[in-house]
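Be aware that the sequence shown starts at 28, since it is given in my numbering, and climbs by one per residue.
By construction, the Cβ of each residue, glycine as well, lies at the ideal position given by its N, Cα and C atoms.
Before any comments, here is the structure.
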Amino acid sequence: MDIFLTFALLILLSPLLLLIALLIKLDSPGPVIFTQERVGAKRQKLGRQRVWLVQNFKFYKFRSMVQDADPSLHEAYIKDFVEGRAQPTPESGGKFKLTNDPRVTRVGCFLRKFSLDELPQLFNVLKGDMSLVGPRPVPTYEVAGYRPRHHHRFAAMPGITGWWQVKGRCRVSFEDMIRMDLDYIRNASLWFDLKILFLTIPAVLSRRGAE
């Protein structure tokens, strides 16, 4: 299902992808695509069994920040988020997110509002690193702060959208995000995936928890 839907989406969205690429180039110097090492999982055969193995892969997004943006600001925030010190504020609109991030470009701000920066992950699906639905792939510096029970979220292929994304996204604490990912893994099915894909559309249009 993933490959068929991904090809269909790429054909359908190709004019939009080209327009976004043009706007990024006109707005600020630097590449159109931002790449980052992310952590996910892939099911592989080990002896007579098939097991989930954690793997790092190159993750694609439309660039929404200035070229060579310093990652330390986000790394510090993620550390606080994972350890439970980060709290939503009035300035963040009640979301767990960085506010007034000077690294974000004008076009990047718009792309993030409607999650359009996520579209290049369709190519991650074609490469077999991701699925359309699943727990979000996370940066390596986030995993560095995980406790043993947090690693259970790697019992599924990472997805572009997921239960966490449609149920709150940045309005959800780290522990609640983990709980939602584990709920998805326990109840994974084709129908659950279709439900999440259906719920993704209103979640994106309403910008629920985005930016």
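query	result
8 angstroms contact criterion, which P162 and Y87 should meet: CB distance rounded	Not confirmed; about 18 angstroms, so no contact.
Nearest-angstrom Cβ-Cβ length linking L185 and M157, presumed shorter than 8 angstroms	One point to set straight first is that residue 185 is Pro, not Leu, in the sequence displayed. Yes, P185 and M157 are in contact; Cβ-Cβ is about 5 angstroms, under 8 angstroms.
7 angstroms CB neighbourhood of F108 in its chain, flanking five on each side removed	F123 and F201
At least 3 beta-carbon pairs within less than 8 angstroms: the segment 34–45 vs the segment 60–71	no
Contact between the segment 214–221 and the segment 165–177 (3+ Cβ pairs under 8 angstroms)	no
Top-ranked residue by Cα proximity to K140, from H101, R196, I105 and K85	R196
Proximal residues to D220 (C-beta, below 6 angstroms), its chain only, five neighbours per side dropped	V160
Where T62 falls: helix, strand or coil (DSSP)	strand
CB contact flag (L153, I30, <8 angstroms)	yes
Residues bridged to M92 (per DSSP)	V131
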